[in-house]
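Residue numbers (the UniProt record's numbering), protein chains in the order written: chain A, 1 to 283; chain B, 1 to 283.
Ideal Cβ placement from N, Cα and C applies to all residues, glycine included.
What follows is a set of notes on a single structure, which appears directly below.
2 protein chains.
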Amino acid sequence: MNKIYIIGVGLIGGSLALDIKKKRPEATIYGIDNSEQHLLEALELNIIDNKATIEDLDKADLVILSIPVDAAVELLPKVLDKVSDFGLVVDVGSTKLDICKVIENHPKRRNFLAMHPIAGTEFSGPKAAISNLFQHKTNIVCEVEKTAFKLQERALNLFTEIGMRMRYMNPESHDKHIAYVSHLSHISAFMLGKTVIEKEKNERDIFDMAGSGFESTVRLAKSSPAMWTPIFKQNKANVVETLEDYIKNLTQFKNMMQNDDFEGVFNEMKDTNYIKQILNGIK
Amino acid sequence: MNKIYIIGVGLIGGSLALDIKKKRPEATIYGIDNSEQHLLEALELNIIDNKATIEDLDKADLVILSIPVDAAVELLPKVLDKVSDFGLVVDVGSTKLDICKVIENHPKRRNFLAMHPIAGTEFSGPKAAISNLFQHKTNIVCEVEKTAFKLQERALNLFTEIGMRMRYMNPESHDKHIAYVSHLSHISAFMLGKTVIEKEKNERDIFDMAGSGFESTVRLAKSSPAMWTPIFKQNKANVVETLEDYIKNLTQFKNMMQNDDFEGVFNEMKDTNYIKQILNGIK
Numbered sequence: 001m002n003k004i005y006i007i008g009v010g011l012i013g014g015s016l017a018l019d020i021k022k023k024r025p026e027a028t029i030y031g032i033d034n035s036e037q038h039l040l041e042a043l044e045l046n047i048i049d050n051k052a053t054i055e056d057l058d059k060a061d062l063v064i065l066s067i068p069v070d071a072a073v074e075l076l077p078k079v080l081d082k083v084s085d086f087g088l089v090v091d092v093g094s095t096k097l098d099i100c101k102v103i104e105n106h107p108k109r110r111n112f113l114a115m116h117p118i119a120g121t122e123f124s125g126p127k128a129a130i131s132n133l134f135q136h137k138t139n140i141v142c143e144v145e146k147t148a149f150k151l152q153e154r155a156l157n158l159f160t161e162i163g164m165r166m167r168y169m170n171p172e173s174h175d176k177h178i179a180y181v182s183h184l185s186h187i188s189a190f191m192l193g194k195t196v197i198e199k200e201k202n203e204r205d206i207f208d209m210a211g212s213g214f215e216s217t218v219r220l221a222k223s224s225p226a227m228w229t230p231i232f233k234q235n236k237a238n239v240v241e242t243l244e245d246y247i248k249n250l251t252q253f254k255n256m257m258q259n260d261d262f263e264g265v266f267n268e269m270k271d272t273n274y275i276k277q278i279l280n281g282i283k
Numbered sequence: 001m002n003k004i005y006i007i008g009v010g011l012i013g014g015s016l017a018l019d020i021k022k023k024r025p026e027a028t029i030y031g032i033d034n035s036e037q038h039l040l041e042a043l044e045l046n047i048i049d050n051k052a053t054i055e056d057l058d059k060a061d062l063v064i065l066s067i068p069v070d071a072a073v074e075l076l077p078k079v080l081d082k083v084s085d086f087g088l089v090v091d092v093g094s095t096k097l098d099i100c101k102v103i104e105n106h107p108k109r110r111n112f113l114a115m116h117p118i119a120g121t122e123f124s125g126p127k128a129a130i131s132n133l134f135q136h137k138t139n140i141v142c143e144v145e146k147t148a149f150k151l152q153e154r155a156l157n158l159f160t161e162i163g164m165r166m167r168y169m170n171p172e173s174h175d176k177h178i179a180y181v182s183h184l185s186h187i188s189a190f191m192l193g194k195t196v197i198e199k200e201k202n203e204r205d206i207f208d209m210a211g212s213g214f215e216s217t218v219r220l221a222k223s224s225p226a227m228w229t230p231i232f233k234q235n236k237a238n239v240v241e242t243l244e245d246y247i248k249n250l251t252q253f254k255n256m257m258q259n260d261d262f263e264g265v266f267n268e269m270k271d272t273n274y275i276k277q278i279l280n281g282i283k
């Protein structure tokens, strides 16, 4: 695997480049990005070795597509058109149904593998790229049976080497469950941030009162709108369902408080403490 | 200040004891607690030097009341009855209006100082006590003018020495603002945890998909119901108001999604990214 092309040299693409370089010192890593500024930064930070364009992809052993999910759905067919019979394309976006659909009948379907490495931070761009981001994290692999065996193996070995454990799932299940464990957390944090800013914007002093609890709960509200808007759009039905459940639970909690049912309030929290065991299980 | 009594040797009381010991090596720290088990743990962990009871408080130079806010409102008048004219009582609970009210006409009002050191973790009990918890954190001080000058000074010096910056505020403002920057974060996390557990309880595997984003957003849902229920009860009106604002914002976000107004969704997130500057200001 000598020629690796990364399309989108931001947080995820850049962090993958850093880890892959360590595991494949013989490979040359090429960066492709809409933003000339990001390419220059990625070169300067030694994330990529060279710039490239879509036209060069016929020489690729591996192409990693790490761009916003709306752009990915548009670009993936063109990328597959370009790669050779021996080239492998993986995408690493946060939604999997639309991307798998858009190439289901593509003549090079067997050259594609859909993944979602579940890792990240609230930052974005090449400067946000960090080493070992994927260590001990989960990589969801979709429709693995539709990828040529030797190409599967190439990708799975590489992602195992950078520290990930694989989990196999169909795209529908992926998008449904990820709405709960990831997308809802983001909206919950964004709306918490909004609610507090609206109330307190004229009283900057008040934020002196914000402790580490607020800080960790609202952290995801720093995330990139350009990345998250297309995710919510593609996963609209699932995300709307999670929001309905969440709003229902919040409303019920509020009603308990208004009815002075503090035994109910206590029990809600007591039951939810079960999250401790679940989070311990993640580690 | 030779005799310091800590009523409630849990996370906050225990952590205060650890820091105060370092700054006042000459002092003896006495623990008072409903739970004999907690007292034994606190002794074993060297958090306190001796056990004591309410009857001993006439000998106290300083009493720190760090128990759930409903118990604090009941116990504070009795504690003030007991202390000598030279004893200082501070309470460190998360609500301030009810506690200030309950002793407003107490003959020893000038022996009391109301504080809220804004620090903590999601854990509880003596084993959760840690050193330096209060370093660089904010301590809200209420109705400072109602405390005898020499006693104020004693408390403010001590809390400054353990690393806190003081902010002065009336109890009404404290309870109103803390509902936004602290209490709402807790309910938001608890209901996020509940929503995800309800949906996924039969699919434990799914939590493999939960990344660090979910983990930090839901962290506060590990918090103690015994501590938080009385806080929500005492601060009911303010907390219900924050919940109404939060639910309104979530509903509006959901409606935008359902109406395919993804420009609106983008702008909501973009505007809320302003939380970055605010959080940088906290540090």
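CB of residue 63/B within 7 angstroms of CB of residue 42/B, strictly: Residue numbering aside, residue 63/B sits at position 63 when the second sequence is read from its first letter. Residue numbering aside, residue 42/B sits at position 42 when the second sequence is read from its first letter. Their beta carbons are not under 7 angstroms apart, which means residue 63/B does not touch residue 42/B by this criterion.
Closer than 7 angstroms to chain A by CB, residue 269/B: Residue numbering aside, residue 269/B sits at position 269 when the second sequence is read from its first letter. Interface residue, yes.
Distance, residue 259/A Cα to residue 133/B Cα: One-based indexing of the second sequence puts residue 133/B at position 133. One-based indexing of the first sequence puts residue 259/A at position 259. Between residue 133/B and residue 259/A, the C-alpha separation is close to 36 angstroms.
Buried or exposed (CB count within 10 angstroms, at least 16 for buried), residue 253/B: As a first step, residue 253/B must be located in the second sequence, where it is residue number 253. Burial call: buried.
Which residues DSSP lists as bridging residue 167/B, in chain order: Position 167 of the second sequence holds residue 167/B. BP columns for residue 167/B point to 140/B.
CB contact below 7 angstroms: residue 24/B versus chain A: For the purposes of this step, residue 24/B is taken as the residue at position 24 of the second sequence. Taking Cβ atoms only, chain A never reaches closer than 7 angstroms to residue 24/B, which makes this a no.
CB contact check: residue 294/A to chain B, cutoff 7 angstroms: No statement about residue 294/A is possible, as the shown extent of chain A runs from 1 to 283 and does not include it.
Opposing strand residues paired with residue 206/A [DSSP bridges]: Taking the first residue of the first sequence as 1, we reach residue 206/A at position 206. DSSP links residue 206/A through a beta bridge to no other residue.
Rounded separation between residue 195/B and residue 182/A - CA only: Start at 1 with the first residue of the second sequence, and residue 195/B comes out as number 195. Start at 1 with the first residue of the first sequence, and residue 182/A comes out as number 182. Answer to the nearest angstrom: the Cα atoms are 12 angstroms apart.
Amino acids of chain A, ordered along the chain, whose beta-carbon sits closer than 7 angstroms to that of residue 222/B: Along the second sequence, read from residue 1 onward, the residue named residue 222/B stands at position 222. Under the 7 angstroms cutoff, chain A gives 273, 275, 276.
Proximity test, Cβ basis, 7 angstroms: residue 167/B and chain A: Indexing the second sequence from 1 puts residue 167/B at position 167. Yes, its Cβ sits closer than 7 angstroms to a Cβ of chain A.
Close-in-space but distant-in-sequence residues of the same chain around residue 4/B (CB under 6 angstroms, 5 per side omitted): Locating residue 4/B in the second sequence gives position 4, where the first residue counts as 1. Result list for residue 4/B: 27, 29, 62, in chain order.
Three or more C-beta pairs below 8 angstroms linking the segment 103-122 of chain B and the segment 143-153 of chain B: The segment 103-122 of chain B and the segment 143-153 of chain B touch, with no fewer than 3 CB-CB distances between them shorter than 8 angstroms.
Cβ of residue 216/A within 7 angstroms of any chain B Cβ: On the first sequence, position 216 is the one that residue 216/A refers to. For residue 216/A, the nearest beta carbon of chain B is closer than 7 angstroms to its own beta carbon.
Pairwise C-alpha distance: residue 229/A and residue 211/B: Position 211 of the second sequence, counting from 1, holds the residue named residue 211/B. Position 229 of the first sequence, counting from 1, holds the residue named residue 229/A. Taking the straight line joining both Cα atoms gives about 19 angstroms.
Option nearest residue 160/A by Cα separation, candidates 188/A, 222/A, 68/A, 23/A: Position 160 of the first sequence, counted from the first residue, corresponds to residue 160/A. Measuring from the Cα of residue 160/A, the nearest candidate turns out to be 23/A.
Anticipated Cβ contact below 8 angstroms, residue 177/B with residue 206/A, distance rounded: Numbered from 1 along the second sequence, position 177 holds the residue referred to as residue 177/B. Numbered from 1 along the first sequence, position 206 holds the residue referred to as residue 206/A. 5 angstroms between Cβ atoms; contact.
Beta carbon proximity, residue 109/B to chain A, threshold 7 angstroms: For the purposes of this step, residue 109/B is identified with residue 109 of the second sequence, where counting begins at 1. For residue 109/B, no Cβ of chain A is located within less than 7 angstroms of the residue's own Cβ.
Closer than 7 angstroms to chain B by CB, residue 96/A: Your numbering for residue 96/A matches position 96 in the first sequence. Cβ-Cβ to chain B under 7 angstroms: no for residue 96/A.
Anticipated Cβ contact below 8 angstroms, residue 155/A with residue 57/A, distance rounded: Working through the first sequence from its first residue, we reach residue 155/A at position 155. Working through the first sequence from its first residue, we reach residue 57/A at position 57. In fact, because the Cβ distance is near 16 angstroms, the residues do not count as touching under 8 angstroms.
Backbone secondary structure at residue 133/B - three-state DSSP: Locating residue 133/B in the second sequence gives position 133, counting from the first residue. Judged by DSSP in its simplified three-state form, residue 133/B adopts coil rather than helix or strand.
Residue nearest to residue 18/A in terms of C-alpha spacing, selected from 2/A, 49/A, 1/A, 33/A: Here residue 18/A corresponds to residue number 18 of the first sequence, with the count starting at 1. That would be 49/A, whose Cα lies nearest to the Cα of residue 18/A.
For residue 54/B and residue 82/B, believed in contact at Cβ under 8 angstroms, the rounded distance: For the purposes of this step, residue 82/B is taken as the residue at position 82 of the second sequence. For the purposes of this step, residue 54/B is taken as the residue at position 54 of the second sequence. Contact between residue 82/B and residue 54/B holds, since their C-beta atoms are separated by about 6 angstroms, short of 8 angstroms.
Cross-chain neighbours of residue 200/B in chain A, by beta carbon under 8 angstroms: Within the second sequence, numbered from 1, the residue matching residue 200/B stands at position 200. Near residue 200/B (Cβ distances below 8 angstroms), the residues of chain A are 177, 180, 181.
Whole-Å CB distance - residue 249/B paired with residue 191/A, under 8 angstroms assumed: The sequence position of residue 249/B within the second sequence is 249, counting from 1. The sequence position of residue 191/A within the first sequence is 191, counting from 1. With a Cβ gap of about 5 angstroms, residue 249/B and residue 191/A count as contacting.
Residue from 113/B, 200/B, 270/B whose Cα sits closest to the Cα of residue 197/A: The residue given as residue 197/A occupies position 197 in the first sequence. Of the candidates 113/B, 200/B, 270/B, the one whose C-alpha sits nearest the C-alpha of residue 197/A is 270/B.
Through-space distance from residue 100/B to residue 268/A, alpha-carbon basis: Numbered from its first residue, the first sequence carries residue 268/A at position 268. Numbered from its first residue, the second sequence carries residue 100/B at position 100. Each residue's CA atom was taken as its position, placing residue 268/A and residue 100/B some 29 angstroms apart.
Buried or exposed by the 16-neighbour rule on C-beta atoms within 10 Å, applied to residue 223/B: The count along the second sequence starts at 1 and reaches residue 223/B at position 223. Its Cβ being crowded by 16 or more others within 10 Å, residue 223/B is buried.
Exposed unless 16 or more other CB atoms sit within 10 angstroms - verdict on residue 277/A: Along the first sequence, read from residue 1 onward, the residue named residue 277/A stands at position 277. Exposed, by the Cβ-count rule.
Listed by chain order, chain B residues near residue 38/A by CB distance under 7 angstroms: Looking up residue 38/A in the first sequence gives position 38. By Cβ distance, chain B contributes nothing, its closest Cβ being about 19 angstroms from residue 38/A, past 7 angstroms.
Cβ-based burial, residue 84/A [other Cβ within 10 Å; buried from 16]: Within the first sequence, numbered from 1, the residue matching residue 84/A stands at position 84. Classification for residue 84/A: exposed.
Within chain A, the residues that residue 11/B reaches when beta carbons sit closer than 7 angstroms: Here the question's residue 11/B lines up with position 11 in the second sequence. Within chain A, no residue has its beta carbon less than 7 angstroms from that of residue 11/B; the closest one is some 13 angstroms off.
Interface residues of chain A facing residue 66/B [CB-CB closer than 8 angstroms]: Along the second sequence, read from residue 1 onward, the residue named residue 66/B stands at position 66. From the beta-carbon of residue 66/B, no residue of chain A is found nearer than 8 angstroms; the closest lies around 16 angstroms away.
Integer Cβ distance of residue 67/A from residue 7/A, believed to fall under 8 angstroms: Here residue 67/A corresponds to residue number 67 of the first sequence, with the count starting at 1. Here residue 7/A corresponds to residue number 7 of the first sequence, with the count starting at 1. Right, their Cβ atoms sit about 6 angstroms apart.
Helix, strand or coil at residue 180/A according to DSSP, with G and I counted as helix: For the purposes of this step, residue 180/A is identified with residue 180 of the first sequence, where counting begins at 1. DSSP places residue 180/A in helix when its eight states are reduced to three.
Residue interval of the alpha helix (DSSP H) (run including residue 233/B): Taking the second sequence and counting its residues from 1, one reaches residue 233/B at position 233. Counted as a single uninterrupted DSSP element, the alpha helix (DSSP H) harbouring residue 233/B occupies residues 225-234.
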